[in-house]
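J.: Would you mind keeping the following structure in view while I ask a few things?
Residue numbers (our numbering), protein chains in the order written: chain L, -8 to 332; chain U, -8 to 332; chain G, -8 to 332; chain A, -8 to 332.
Here it is, written out as structure tokens:
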């Protein structure tokens, strides 16, 4: 029998830290779990006696001063919602020195001492420059469905998108089986094949085409042919949008030309992959990383992304998170192939 | 306190009917609930002491004699599955007199006395010709996601597809709201706007474009403009694939040209709309219509589709089900527009 | 090619009606789709140039004056949410003349001319008395998962609860099949068996026990025995909470005593049945009935529930909606039994 | 650009291993993903040129010789199904020396050289004894929703059960919020609080009560009181079934007695937690562990559970997997409490 579950850390443990007011924004493509992260950032900051300011529309709102004080109740009942209550937007102005200067003045005017940014590599690239220019403490929370950030095992939104893909492919398989068709299904992932590869394994697909590997049309053809010869009557191939051989439509028409006997179909899953209520994993991850971001700031960290590696919180310099490449687990490729025989 | 819930109709009530062996097939595009219908046909026929033969691959399998005896246990645990365990296929051969003659001989050889076909208007067109040519009793169960069959309030599969669409649009709305975008979402419906119109109301979309009505681009533009002026920041327009103004991509690019200030996106939902576990409504409908199809045959009916109108079973001649046009409820258009202000 | 889909009814068509300000509340047990109904009431009233006031906590809030002006934007993004943004509560005070007097004064003070109440029979009973006492126009929207209101084919929330039940039973069947168990699953329905009966058909259950019929334990036992003798290895029985033979636990223990060889389990689905994102059907129904409620008031109706019968809007006096009994479709009992052989 | 994604490991790499025929069974409580594991075991064994035998009903079927040869096609289209196609059962006979002797003879008669068992600690306890007694190679795949096996970060079925819980609590929260109630929700976990604790964080619950920690009713009461004083109007407490203070009903009635002003409700989620289509994570985990189990056998391992730690395959002696205690992440308790302020 160990310590009491209801005991709590001391709310005043960071009373000597000079950061009193913390802003939070979301930027870049939205991802399920961003709201859970906003909730965690807000509530843990309030827990430690800090004030929280929500910035709407990402960096654009930082320039246009779309600020709003956030109380605990303002983040009630959002843990289960997709999208982001703080909205997201692109900002060309923030790419200029003048834009960032204006943003900085706005933060100063409101006595904001630090910033949490939730987003992907574009978001962190902006954060890194801003932090350097104005010596301003920023911590990032990885929020992107692509899971392509180095230094964290998972990004917020990835698990939800993966499940959305798998559920969609399950539905398509009903039709593929009934009509004995060959389906090419395009999923998100411009530079990274995490969604396609893991989605392919989980959905029991016959093959995946991902940006990390050269797509050899000949091998794909042999593979499909063999399957058909072995009496496999329907097949599903997941194609990452950034695949080198072109998108699902282009690959499908190549196959169709060569094998007119196959009944080929294409579905591009599109924007459904970005939305929806976050999975349990994404909500827990968002909760942990949101708390970790506030603790990192109060622990005097800056220009780092908080991440999770081997179930432990880690701090990864923005520079590394952006520039290093995170690679797909090659063991999974073998698993996929063995299981699709 | 009324009759006992556990009492049953007499299994021998049709003992004088000469139909002893009944075949069942699915044909055309698959729809969720087809398996529940196969189960209902099979079990109610067995209940009334009949033998059941499953025909695989629709009319093609009738020609190729892909027959299999179906027992009650063969349709266990399929009520919840999308697709069709009997598969579906197109058959050019069945469009010829020779093909149909061959199919008829196969039925005779196996002593099959009657047939239940589950599908849409293509299926019933084939059934009607075959029934006339060989004076063979056939009853149809309406199974198509499009809900475009005259004489039945609902077709098996429609409610599931509608819910799939609404759940997908809910997800896309998360993104549309976060980024304040204008989305055009294309849904199935080559000739009928049931999915787009009802999906549009249920998803809270701003407008729908359906084949039944002329799409006036000017009005659509005015409408979107007004919304934006009234501070509506994201909009969703559902486009039936058979809309007269072209698909979602074509309409979106027209709008984009005229209004470069809008952030326009397109998603084509595609084949996910056909699959998935059927909703409660679709399963109940499939169950009722499957039983009704067997009762109709045993009641000496032929060349009819069984349907549901005002919660009652009806028999609709194939000829009427195919040729008469079922119209969308115009009242719903008003509801949609009022609710999107 | 018919009238343009984007044309609209005249917003000033009710300009001569003296009702200018309309309040809306939800009361009784919450049901999925109540928010969609609030949205429809609010927006259609605004469309016709009326002001809308939301009353929080049902009749209690009417007494405590928890009023708030509702704009179109206040009901954005709620169509997909379960529960009710206007909250619900029981009010003993409203059962007294004094309480209702106070409520009436509050409405007068705010110049509220009419009221829409969304709820079940308890809600309409209160509305009927209030309307008579103060000659105040009230229209009701049927919102309850039980579907037990006379005069409407469906109530808002019923279809969602039905699907929640079916999805839960699907999950339990995975376990029942794996372990070859006999499951008794209790679902909501104190006086009405709609959920149990329709849920039972849709989930492919072996039997249902509902309040409308005497449960003959002997027949149930024979039935289960027969199933087992025919090699049915797992069975699922749905029990409405109001079943005359007692709840699921009580029935299960009777069976267990008699048949120790069965591996019996019980699950009481409980409050999960009330929540969740409404289905497409429930959202469309809520939309149509919300608009119809406003039109009824502007058409000078009072003390009626708006309902849907045979896909048409109907007006049912509160008195009839409450007192007449809506009966389950007995044909469905036959369907259930035939399909569980 | 790295190696070709479509290249494969050599199917004959284990040609010198004497294990030619491998049996697989599932035992104990079923868990979502067991079918995906059966598929992976079967296909990877076939890939490496081995024969596969499915044993029905766990150890009971090993004694009763419920054996069946499994081909690749026999595990098609099961990756998405809950439950287990090989069924599960308890066997008292297997707890006796005679029973196990009989089982061993059956394996020998069929020339089965090795066994994969999918289940939890009960399953592995039986496997360990059997393996020792007959010097028979057995490898285990952790399949249990409780996640309570030492030596693996996750067990197959846990992620699905967690998501089922979170979706159920989301629905209940709709009602809790609408009526401003205090809900106690009981989830599975006789000895382990993984589901309750992680479910509580993901669902945004106010507190969790788990077996690993003493439940101090005083602190719980203070906590709830404080919440109410801070104007929190509805609360959700997750209770693991094995909590020391008793189940949800018992705790709820204590609270109700002390605080009659709270509107308290209880829901016991029950068997829905065991079923359902597995999540992406559970399918991928099942796929990896199924392959790993076959590779372990062919690599001459025995009496080990294959697990996943830090995203790598590990081999854990049965003895350790069963006897060592896996502890919940205490950091998560802090996160839960901070986020529920």
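Quick reminder that beta carbons are idealized off the backbone N, C-alpha and C, glycines included.
Hey, which unbroken runs of the alpha helix (DSSP H) at 4 residues or more fall wholly within the stretch 94 to 157 of chain G?
T.: If we require 4 residues or more, the alpha helix (DSSP H) runs fully inside the stretch 94 to 157 of chain G come out as 112 to 125.
J.: Would you say residue 97/L and residue 51/L are within 8 angstroms of each other, going by their C-beta atoms?
T.: Result no, Cβ atoms of residue 97/L and residue 51/L do not sit closer than 8 angstroms.
J.: Could you work out which residue in 99/G, 1/G, 109/G is closest to residue 49/G when comparing CA atoms only?
T.: The shortest C-alpha separation from residue 49/G is found at 109/G.
J.: How long is the line joining the alpha carbons of residue 73/A and residue 274/A, rounded to whole angstroms?
T.: Each residue's Cα considered, the two are about 11 angstroms apart.
J.: DSSP three-state label for residue 282/L, please.
T.: In this structure, residue 282/L counts as helix in the three-state DSSP scheme.
J.: According to DSSP, is residue 260/U part of a helix, a strand, or is it coil?
T.: Coil, per DSSP.
J.: Distance cutoff 8 angstroms, beta carbons only. Does residue 165/A sit that close to anything in chain G?
T.: Interface residue, yes.
J.: Would you list the one or two residues that DSSP bridges to residue 296/L?
T.: DSSP, once it has assigned bridges, lists 131/L, 307/L as partnering residue 296/L.
J.: Report, in whole angstroms, the separation of the C-beta atoms of residue 169/L and residue 75/U, which I expect to be a contact under 8 angstroms.
T.: Going by Cβ atoms, the distance from residue 169/L to residue 75/U rounds to 5 angstroms, so yes, they are a contact pair.
J.: Going by beta carbon distance, what residues of the same chain come within less than 6 angstroms of residue 106/G, once the five residues before and after it are set aside?
T.: Excluding positions up to five away in sequence, the list reads 14, 129.
J.: Using the beta-carbon count (16 or more within 10 Å), is residue 104/G buried or exposed?
T.: The residue in question, residue 104/G, is buried, as its Cβ has 16 or more Cβ neighbours within 10 Å.
J.: Classify residue -4/G as buried or exposed, calling it buried when 16 or more other Cβ atoms lie within 10 Å of its own Cβ.
T.: Note that residue -4/G has pLDDT 46, beneath the 50 cutoff, so the model's placement of it is unreliable and the number below is only indicative. When all chains shown are included, residue -4/G counts as buried.
J.: Would you kindly check if the distance between the Cβ of residue 135/A and the Cβ of residue 19/A is under 8 angstroms?
T.: Their beta carbons are under 8 angstroms apart, which means residue 19/A touches residue 135/A by this criterion.
J.: Kindly indicate if chain U contains any beta-carbon less than 8 angstroms away from that of residue 275/G.
T.: Output row for residue 275/G: interface = yes.
J.: With which residues is residue 12/A paired in a DSSP beta bridge?
T.: Looking at the DSSP assignment, residue 12/A forms a beta bridge with 42/A.
J.: Determine, using beta carbons only, whether residue 31/L comes closer than 8 angstroms to chain B.
T.: Of the protein chains in this structure, namely L, U, G and A, none is chain B.
J.: Report the option in 195/L, 27/L, 192/L whose CA atom is closest to the CA atom of residue 330/A.
T.: The shortest C-alpha separation from residue 330/A is found at 27/L.
J.: Name the two residues that bound the continuous beta strand (DSSP E) containing residue 228/A.
T.: Note, residue 228/A: beta strand (DSSP E), 226 to 231.
J.: To the nearest angstrom, how far is it from the Cα of residue 69/U to the Cα of residue 156/G?
T.: Answer to the nearest angstrom: the Cα atoms are 17 angstroms apart.
J.: Kindly list the residues whose CB is nearer than 6 angstroms to the CB of residue 200/L, restricted to its own chain and excluding five residues on each side of it in sequence; keep chain order.
T.: Cβ within range, chain order: 206, 230, 234.
J.: When burial is assigned at 16 or more other CB atoms within 10 Å of the CB, is residue 1/A buried or exposed?
T.: Result: exposed.
J.: Find the residues of chain G that neighbour residue 265/A, judging by a C-beta separation of less than 9 angstroms, and give them in chain order.
T.: What residue 265/A touches in chain G: 162, 163, 165, 166, 169.
J.: Is the beta carbon of residue 267/L closer than 8 angstroms to that of residue 144/U?
T.: Cβ distance not < 8 angstroms, so residue 144/U and residue 267/L don't count as in contact.
J.: For residue 329/G, name the three-state secondary structure that DSSP assigns.
T.: It is helical.
J.: Closest to residue 203/G by CA distance: which of 185/G, 215/G, 217/G is it?
T.: The shortest C-alpha separation from residue 203/G is found at 185/G.
J.: Inspect the beta-carbon positions of residue 142/L and residue 307/L and report whether they are closer than 8 angstroms.
T.: Contact flag set, yes.
J.: Reducing DSSP to helix, strand and coil, say where residue 60/A ends up.
T.: If DSSP states are grouped into helix, strand and coil, residue 60/A belongs with the strands.
J.: Just checking, does the stretch 316 to 323 of chain U make contact with the stretch 292 to 303 of chain U on the three C-beta pairs under 8 angstroms criterion?
T.: No, because fewer than three Cβ pairs between the stretch 316 to 323 of chain U and the stretch 292 to 303 of chain U fall closer than 8 angstroms, the two stretches do not touch.
J.: Alpha carbons only, please: which of 44/U, 216/U, 121/U is nearest the one belonging to residue 310/U?
T.: The candidate whose alpha carbon is nearest that of residue 310/U is 121/U.
J.: Kindly list the residues whose CB is nearer than 6 angstroms to the CB of residue 82/G, restricted to its own chain and excluding five residues on each side of it in sequence; keep chain order.
T.: Within the same chain, residue 82/G has close Cβ partners 50, 51.
J.: Nearest by alpha-carbon distance to residue 223/U: which of 173/U, 100/U, 285/U is it?
T.: Here the closest residue by C-alpha is 173/U.
J.: For a test of the three-state rule: what should DSSP assign to residue -6/A, helix, strand or coil?
T.: In this predicted model, residue -6/A has a pLDDT of only 46, less than 50, meaning its place in the structure is not dependable; the value taken from the coordinates is given anyway. Coil, per DSSP.
J.: From 17/G, 209/G, 251/G, 10/G, pick the residue whose C-alpha is nearest to that of residue 133/G; which is it?
T.: Nearest option by C-alpha distance: 17/G.
J.: Is DSSP giving residue 70/A helix, strand or coil here?
T.: Of the three classes helix, strand and coil, the one that applies to residue 70/A here is coil, per DSSP.
J.: So is residue 284/U in contact with chain G if we call contact Cβ pairs under 8 angstroms?
T.: So, not an interface residue.
J.: Can you name, in chain order, every residue of its own chain whose Cβ lies under 6 angstroms from the Cβ of residue 282/A, other than the five neighbours on each side?
T.: Correct list, in chain order: 31, 35.
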